[in-house]
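So the mapping is simple: our numbering equals the position in the sequence shown, first residue as 1, plus 549. These notes concern the structure reproduced below.
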Amino acid sequence: MRKKGFSLILAVTACVSLLSGCGEGAQDIQTEENTQTQEQAAADEQNEEIIQLKFTSWSAGGEQTAVKQALASFEEQNPGIKVEAEFIDNANYTAKLNTLMAAGDAPNVAQLNGYLAPEYGAKGQLLDLKPYLEGQVDFDDILPEAIFEYDDKIWGMTFGVECQMVLYNKALFEEAGIEPPSTDASNPWTWDEYEDAAIRMTKDINGKHPGEEGFDPNNISVWGTKVFDSPIFNFTLLNSNGGAYIAAEGDRLLVDSEESKEVLKALQDLIYVHQVAPKPAVTSAMPSSQQMLMDGQLGMYMAGQFEIATFAEAEWGEFGVAPLPKFKKPASMIWGEPLVVYDSKDEKTNDAAVKLVLALSNPAKVNDLFVTAAQMPIYKSWYSDSEKKETWTNNAWHNESLMSYFDSLFQTETTSREAYYVKNYDPIMAIVQPHLDKIWDGEDVDTALAGLQEEAAPEMQGYYKIVDYYSDAE
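Laid out in C-alpha cells, this is it:
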C-alpha cells in the first residue's frame, strides 16, 4: 500500500510538472510571437513609404526663420512627408534654380519670380495646379494677386501676399518733432513731406542737420532714409507719377518718360542734393536696414511688411508704418511671388507637393508665417472674419498702425506689378538696371538713360496679359 501510494504521488507530481512545463512552453511561444509581431510592426513602420520633398526659397532673416518653423509644423502634421529646405541668396536665386533644373535636380516646390511662371509652365516644367486646387479652395475667397493663371492653367499660388509701406522708428520721429503720417493708403504723405521728414531726422556726429552751417555729410550718426535700387519698390513710385519701367504692351520702355525721370531724379536728390540717404558705396558696408532702424541709425525706409518678421525675431516693437509717399496720386501694391510645383512625373510626390503649397497658404494649418507678419493671408475671409483675423494678428507685431494700414489698403486701388505681365522681363531689366545704377552713382538722369530705348528694343516680346498700371503715362 505504501509503495502504491508513493507511486501515485509520483504519477500525480509528474503529471502536474508536465502540465506546468506545457504551460511555460505555450507562454514562451506566445511571447515569441508577440515579439515577432512587434518587430514586424516596427519594420513595417520603418519601411513605410516616406515622401521626400525639396523646397527652395530666397527667404532671409526673420522671414526665413518663419518659413523654417512653418515647414516643421507641416512635417509634424504630415508624418509621411519630409521636407528638405534650401535657402538661396536672392541675387543668385534664378541662376541657381536654372542650374538645378538643367541638372535634373529641380526642387519639388519653390518660390519663383511671377513673370517666370508662365514661361516655365509653357515649357512643361511646372505642374498645372488647377485640377488639384478645384474643390479644395474657394476661388472667390482668394485675392487675385495670389493666383498665377495663364491660358486657363494655374502655374503657381503664393503662400502669402505682401504689401509696400514706409517703416519708421517711432523714437526718432518723436525726437525730431515729426507728426506720425496717416496710415490711410488713400491719404499718404506727399513726396515733399517725406523728404522734409528725412532732412529733420538726418544728423551728423555733432547733431547738425542737412542745410545747417557746419553739417558734415561724411560723418552721419543718423540717416533720414535710404534709396534702394530694387525695381519693385521704385516702380510703385513711378506709377504714382504716371510712369513705369516698361509699357504694359511689352513693346517699349517707359523708364525714360518724363513722368518716370521726375521720380528717379527725386530719389537721386535724396542722396546727392539733400544728403539724407547714403551713397550706394556706403550702403554696401552698412548693417541691414532693419538693424539700423532698430539701432536708431535710420529714421525710415520704404520696404514691405515682411521686414517686420525681423523685428519680431528681435522682439523690437518700436516701429510705425505708413503708406508710400505720393507724387501725383496715391500708389500702393499688393503682390506675392508664387510657389510652383515642378512636375516630378510621380503622382504621389506631386500630391504631397501640392499639399505643402496649400498648407503654407492656410493660417489654420500653418500659422508661423503670418503671426510675425512675414506674410499676409491670401484669403479675403482672414481679413473680414473677426475670429480668423484674431488668430494671426493678436500679437505685438500687428500693432495699431499696421492693422489700420491693412484695413485701408484693401479699400484702395492698388498697382499691378508689371513683372507679372510683360514677357522677357528679366532680359529687359538686365539692360535697364545698369543705367539705373548710374543714376544711383550720381550721373545725370537724362545722360544715364540715353540710348536705353534702342538698346532694349530687341528684347521686347509683348505681354502675357494687358493691365492698366500706368494710366497717366504716354
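Just so it is clear, CB atoms sit at the ideal spot from N, CA and C, and this is done for glycine as well. Quick caveat, the model's predicted, so the values are computed rather than measured.
Where does residue 704 sit, in a helix, a strand or coil, going by DSSP? strand
Helix, strand or coil for residue 638? Go by DSSP, reduced to three states. coil
So which of 1004, 987, 1003 has the shortest CA-CA distance to residue 996? By alpha-carbon distance to residue 996, the top candidate from 1004, 987, 1003 is 987.
If you draw a straight line from the alpha carbon of residue 933 to that of residue 1000, how long is it in whole angstroms? 49 Å
Checking the sheet assignment: what are the DSSP bridge partners for residue 698? 703
For residue 772, which residues does DSSP report across the bridge? 847
Cβ separation of residue 859 and residue 610, assumed to be a contact under 8 Å, to the nearest whole Å: 5 Å
CA nearest to the CA of residue 726, picked from 715, 735, 745, 1013: 745
Could you give the DSSP three-state label for residue 1005: helix, strand or coil? helix
For residue 878 and residue 743, I'd like the C-alpha separation in whole angstroms. 15 Å
Distance, residue 769 Cα to residue 871 Cα: 25 Å
I'd like to know whether the C-beta atoms of residue 1028 and residue 942 end up nearer to each other than 8 Å. The displayed coordinates of the chain run from 550 to 1023. Any statement about residue 1028 would go beyond what the structure contains.
Helix, strand or coil for residue 661, going by three-state DSSP, please let me know. coil
Under three-state DSSP, which class holds residue 825? coil
Please determine if the segment 667-680 and the segment 699-707 are in contact, where contact requires at least 3 C-beta pairs separated by less than 8 Å. yes
Neighbourhood of residue 711 by C-beta, 8 Å cutoff - its chain only, sequence neighbours within 5 removed: 853, 854, 855, 883, 884, 885, 924, 925
Taking 8 Å as the cut-off, decide whether the C-beta atoms of residue 822 and residue 786 are in contact. no
May I ask you to report which of helix, strand or coil DSSP gives residue 794? coil
Between the segment 792-802 and the segment 962-970, do at least 3 Cβ pairs fall closer than 8 Å? Contact check between the segment 792-802 and the segment 962-970: three or more CB pairs, one atom from each, fall below 8 Å, which counts as touching.
Candidates 690, 720, 683, 905: closest to residue 845 by CA position: 720
Rounded distance between the beta-carbons of residue 869 and residue 950, thought under 8 Å: 5 Å
Could you name the residues of the same chain whose beta carbon sits closer than 7 Å to that of residue 908, not counting the 5 residues immediately before and after it, in chain order? 623, 914, 915
Based on DSSP bridge pairs, tell me the residues matched to residue 777. The partner list for residue 777 (beta bridge, DSSP) is empty, contrary to what the question assumes.
Just to confirm, are residue 902 and residue 661 a CB contact at a threshold of 8 Å? No. Outside cutoff.
Neighbourhood of residue 893 by C-beta distance below 7 Å, restricted to the same chain and skipping five residues each side: 657, 899
Mapping DSSP to helix, strand and coil, what is residue 991? coil
If you draw a straight line from the alpha carbon of residue 636 to that of residue 604, how long is it in whole angstroms? For residue 636 and residue 604, the distance between alpha carbons rounds to 9 Å.
What number of angstroms, rounded off, separates the C-alpha of residue 600 from the C-alpha of residue 633? 11 Å
Here's a check: name, in chain order, each residue in its chain whose Cβ is nearer than 7 Å to the Cβ of residue 828, leaving out the five neighbours to either side. 820
Own chain partners of residue 963 with C-beta closer than 7 Å, once the 5 adjacent residues on each side are dropped: Here the set comprises 881, 882, 883.
Should residue 875 be labelled buried (16 or more other beta-carbon atoms within 10 Å of its own) or exposed? buried
For residue 1013 and residue 861, what's the separation of their Cα atoms in angstroms? 38 Å
Nearest candidate by alpha-carbon position, reference residue 1068, set 930, 952, 732, 673: The shown model of the chain, from 550 to 1023, leaves out residue 1068, and the question about it has no answer.
Sheet register partners of residue 711 (DSSP bridge): 884
Residue of 613, 639, 669 minimising C-alpha distance to residue 651: 669
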